[in-house]
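Asker: Start counting at 1 in the sequence shown, then tack on 90, and there's your number in our numbering.
I'd like to ask you about the structure that follows.
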Amino acid sequence: MDLQALATWVPLASPNAVDTRVYYRSKLYSLPDELSPFVSAANPIFSLLDRIALAKDLPAPFRVLGNLDHELKAFYSKLNSQKHCSVVQNSLAYYMLTATVDEILARSYMRLYGKVVEFKAFTPLTYSEEEPQVKFFSILALLKQKPLDYLPLIELAYYCLMTGFEGQYQGKPDGRQILEAEIDALFRLISQYRPCFSVNLFTPIKAESKTQKPYYHILILLAFVLSALFVTVFISETSIESKANELRFNPAFITSVDE
Numbered sequence: 091m092d093l094q095a096l097a098t099w100v101p102l103a104s105p106n107a108v109d110t111r112v113y114y115r116s117k118l119y120s121l122p123d124e125l126s127p128f129v130s131a132a133n134p135i136f137s138l139l140d141r142i143a144l145a146k147d148l149p150a151p152f153r154v155l156g157n158l159d160h161e162l163k164a165f166y167s168k169l170n171s172q173k174h175c176s177v178v179q180n181s182l183a184y185y186m187l188t189a190t191v192d193e194i195l196a197r198s199y200m201r202l203y204g205k206v207v208e209f210k211a212f213t214p215l216t217y218s219e220e221e222p223q224v225k226f227f228s229i230l231a232l233l234k235q236k237p238l239d240y241l242p243l244i245e246l247a248y249y250c251l252m253t254g255f256e257g258q259y260q261g262k263p264d265g266r267q268i269l270e271a272e273i274d275a276l277f278r279l280i281s282q283y284r285p286c287f288s289v290n291l292f293t294p295i296k297a298e299s300k301t302q303k304p305y306y307h308i309l310i311l312l313a314f315v316l317s318a319l320f321v322t323v324f325i326s327e328t329s330i331e332s333k334a335n336e337l338r339f340n341p342a343f344i345t346s347v348d349e
């Protein structure tokens, strides 16, 4: 089955109540598009889901749904504004992301209140009978057949799993183990086609080359020794010459020499 056939499972319509003439902007920080178009567009939603999953208390569902609804509209608007993203890929990305949102939101309310909290799901209806919990992995299996063509979608699926999507493996004895293996396989697959280059946060300081400094102290000591030797020789020569002159002009010395 190719991507076009799989796209028939996912409606190509826009999200609920989205006016495509309006461009929705995220209220949260967004990553640059150069990193990965789908992951950068979904970054604010992943941020919200992380807070929801770790929260010790959650407000009424309609308040949480309002924020998520706005961010999903912003996600859809951002994808539509990018020319390199096809309609089919945008639709698949939206489906995987909304399936993740619905599952984590439902699981978080169950964790806090111990009961099912009803809310209007974001995941769009499709012509397929498969539930989103199963269809997510069906889409992922197809994408992995051509990783070079659908790498941005694979990256989005990877982040969905990292955020906490479990799908059909939720509650199964070996579910966590299967998911960990899938996450590890996706990481290796992504690293193969999009290698991670190390980035220096700060400009490295070049180590100063240590030039061999002249031995000034040895030169000074040598100059001092030579100066002392010169002074000593000069004084000695002066003293000898003075003694010689003294003896030469001494009358007693001259008389003794004449005799």
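We put the beta carbon where it would ideally sit given N, CA and C, even for glycine.
C175 by DSSP, collapsed to three states: which one?
Answerer: For the purposes of this step, residue 175 is identified with residue 85 of the sequence shown, where counting begins at 1. Coil at C175, not helix or strand.
Asker: Distance, Cα to Cα, L238 vs T190?
Answerer: For the purposes of this step, residue 238 is taken as the residue at position 148 of the sequence shown. For the purposes of this step, residue 190 is taken as the residue at position 100 of the sequence shown. Spanning the two alpha carbons is a distance of roughly 24 angstroms.
Asker: Just to confirm, are F165 and L187 a CB contact at a threshold of 8 angstroms?
Answerer: For the purposes of this step, residue 165 is identified with residue 75 of the sequence shown, where counting begins at 1. For the purposes of this step, residue 187 is identified with residue 97 of the sequence shown, where counting begins at 1. A contact, by the Cβ cut-off of 8 angstroms.
Asker: Would DSSP call R201 helix, strand or coil?
Answerer: Within the sequence shown, numbered from 1, the residue matching residue 201 stands at position 111. Here R201 sits in helix by DSSP.
Asker: What span of residues does the alpha helix (DSSP H) with D274 cover, start to end?
Answerer: To locate residue 274, count along the sequence shown from 1; it is residue 184. Looking at the DSSP string, the run of the alpha helix (DSSP H) that includes D274 is 265 to 283.
Asker: Report the three-state DSSP secondary structure of T253 (helix, strand or coil).
Answerer: Against the sequence shown, residue 253 aligns to sequence position 163. Helix, per DSSP.
Asker: Are the beta-carbon atoms belonging to P214 and C175 less than 8 angstroms from one another?
Answerer: Walking along the sequence shown from the start, residue 214 turns up at place 124. Walking along the sequence shown from the start, residue 175 turns up at place 85. No, they are not a contact pair.
Asker: CB of C250 to nearest heavy atom of the ligand PLP: below 7 angstroms?
Answerer: No copy of the ligand PLP appears in this structure; indeed no ligand is present at all.
Asker: For G254, collect the residues of the same chain with a Cβ closer than 6 angstroms to its Cβ; drop the 5 residues on either side in sequence, then sort them by chain order.
Answerer: In the sequence shown, residue 254 corresponds to position 164, counting from 1. Excluding positions up to five away in sequence, the list reads A143, I194.
Asker: Is S329 helix, strand or coil when you go by DSSP?
Answerer: To locate residue 329, count along the sequence shown from 1; it is residue 239. The answer is helix: DSSP assigns S329 an H, G or I state.
Asker: With a cut-off of 8 angstroms on the beta carbons, I'd call V129 and Y249 a contact; round off their distance for me.
Answerer: Position 39 of the sequence shown, counting from 1, holds the residue named residue 129. Position 159 of the sequence shown, counting from 1, holds the residue named residue 249. That pair is a contact at about 6 angstroms.
Asker: In the structure shown, what three-state DSSP assignment does G156 receive?
Answerer: Residue 156 sits at position 66 when you count from the first residue of the sequence shown. In this structure, G156 counts as helix in the three-state DSSP scheme.
Asker: Using 10 angstroms around the beta-carbon of F212, count the other beta-carbons present and answer buried if the total reaches 16, otherwise exposed.
Answerer: By one-based count along the sequence shown, residue 212 stands at place 122. Buried, since its Cβ has 16 or more Cβ neighbours within 10 Å.
Asker: What span of residues does the alpha helix (DSSP H) with A145 cover, start to end?
Answerer: As a working mapping, residue 145 is identified with position 55 in the sequence shown. From DSSP, A145 is part of no alpha helix (DSSP H); its letter is neither H nor E.
Asker: Taking buried to mean at least 16 other C-beta atoms within 10 Å of its own C-beta, is A275 buried or exposed?
Answerer: To locate residue 275, count along the sequence shown from 1; it is residue 185. Exposed, by the Cβ-count rule.
Asker: Have a look at G261 and S198 and give me their C-alpha separation to the nearest angstrom.
Answerer: Here residue 261 refers to the residue found at position 171 of the sequence shown. Here residue 198 refers to the residue found at position 108 of the sequence shown. Cα-Cα distance, rounded: 15 angstroms.
Asker: Return the CA-CA distance between Q258 and V224, expressed in angstroms with no decimal places.
Answerer: Counted from its first residue, the sequence shown places residue 258 at position 168. Counted from its first residue, the sequence shown places residue 224 at position 134. Near 6 angstroms, if we compare the C-alpha coordinates of V224 and Q258.
Asker: For A132, tell me which candidate among Q267, Y185, P149 has the shortest Cα-Cα distance.
Answerer: What you label residue 132 is simply residue 42 of the sequence shown in a count that begins at 1. Ranking the options by Cα distance to A132, first place goes to Y185.
Asker: From the DSSP output, in three-state form, read off Y181 for me.
Answerer: Here residue 181 is taken as the residue at index 91 of the sequence shown, counted from 1. Looking at the sequence itself, residue 181 is Ser, so the reference to Tyr does not match. Helix, per DSSP.
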